[in-house]
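Note that this note's numbering numbers the sequence shown so that position 86 is 307, with each residue one more than the last.
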Amino acid sequence: MQTLFDIPGLTIAHDPINKWLYVTWRGEHSEESSMAGCAMILNKVRQTKSTAILNDSSQVLDGWSEVVRWIGQEFFQALADNGIQAIAWVASQNWPARIDIERVLSYATRPLVDTFEEVESAYSWLKTNRVIK
């Protein structure tokens with residue numbers, strides 16, 4: 222696995238064997254930092270031609286209430302348009318963040334997205350839900 226981007230609130234790593242990005246969000250995020258992080262993820266999807274994302278939000282301390290609709294509709298659509306077929310999203314232990322994740326999913330139509338309590342379950346789900354061999 223190769224780290225592609227690393228700042229205090231966001232790490233993006235690439236698994237070339239599985240063609241996945243591993244995204245780890247930490248701490249608090251504003252509308253600006255959330256959108257900047259999403260733009261960086263989309264950039265790395267395009268660079269690596271990844272087909273799936275393991276999105277770990279377990280360390281997030283707040284929600285994304287300002288950008289819920291944008292993430293669910295526009296960002297997820299852009300990910301799908303650029304080859305992402307599945308996202309395994311590890312939920313935060315923080316209650317407002319968990320609510321915002323559910324709100325994001327209510328807007329998402331593609332790619333395939335599911336939520337998990339821990340990374341191991343998210344990883345297993347991605348392994349069994351790969352569309353591209």
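Beta carbons are placed, not taken as given, at the ideal position from N, Cα and C, and that holds for glycine.
Exercise. Measuring CA to CA, which of Ile238, Phe296, Glu253, Cys259 is closest to Thr232?
Worked result: Against the sequence shown, residue 232 aligns to sequence position 11. Cα-wise, what sits closest to Thr232 is Cys259.
Exercise. When the Cα atoms are used, what is the spatial distance from Ala301 to Pro332?
Worked result: Counting from one through the sequence shown, the residue named residue 301 turns up at place 80. Counting from one through the sequence shown, the residue named residue 332 turns up at place 111. If I take the Cα positions, the gap works out to 5 Å.
For this session: Go through the stretch 285 to 310 residue by residue and report every complete run of the beta strand (DSSP E) that reaches 3 residues or more, in order.
Result: none
Problem set entry | Beta-ladder partner(s) of Arg247, from DSSP | Position 26 of the sequence shown, counted from the start, is the residue given in the question as residue 247. In DSSP, Arg247 forms a bridge with Gln280.
Problem set entry | Chain-order list of residues whose beta-carbon lies under 6 Å from that of Ile353 (same chain, five-residue window excluded) | Along the sequence shown, read from residue 1 onward, the residue named residue 353 stands at position 132. With a pLDDT of 48 at Ile353, under the threshold of 50, the modelled position of that residue is not reliable, and the figure given next carries that caveat. If we look at Ile353 and ignore the five residues flanking it on each side, its Cβ neighbours are Thr272.
Exercise. Which residues mark the beginning and the end of the alpha helix (DSSP H) in which Ala234 is found?
Worked result: Working through the sequence shown from its first residue, we reach residue 234 at position 13. Where Ala234 is concerned, there is no enclosing alpha helix (DSSP H), although the beta strand (DSSP E) it sits in stretches over 231 to 236.
Problem set entry | Reduced DSSP secondary structure (H/G/I, E/B, other) of Ala312 | Here residue 312 corresponds to residue number 91 of the sequence shown, with the count starting at 1. Correct three-state label for Ala312: coil.
Problem set entry | Reduced DSSP secondary structure (H/G/I, E/B, other) of Thr269 | In the sequence shown, the residue the question calls residue 269 occupies position 48. Under the three-state reduction of DSSP output, Thr269 falls in the helix class.
Exercise. Using DSSP with H/G/I as helix, E/B as strand and the rest coil, what is Thr330?
Worked result: Within the sequence shown, the letter at position 109 stands for residue 330. DSSP, reduced to helix, strand and coil, places Thr330 outside both helices and strands of the structure shown, so it counts as coil.
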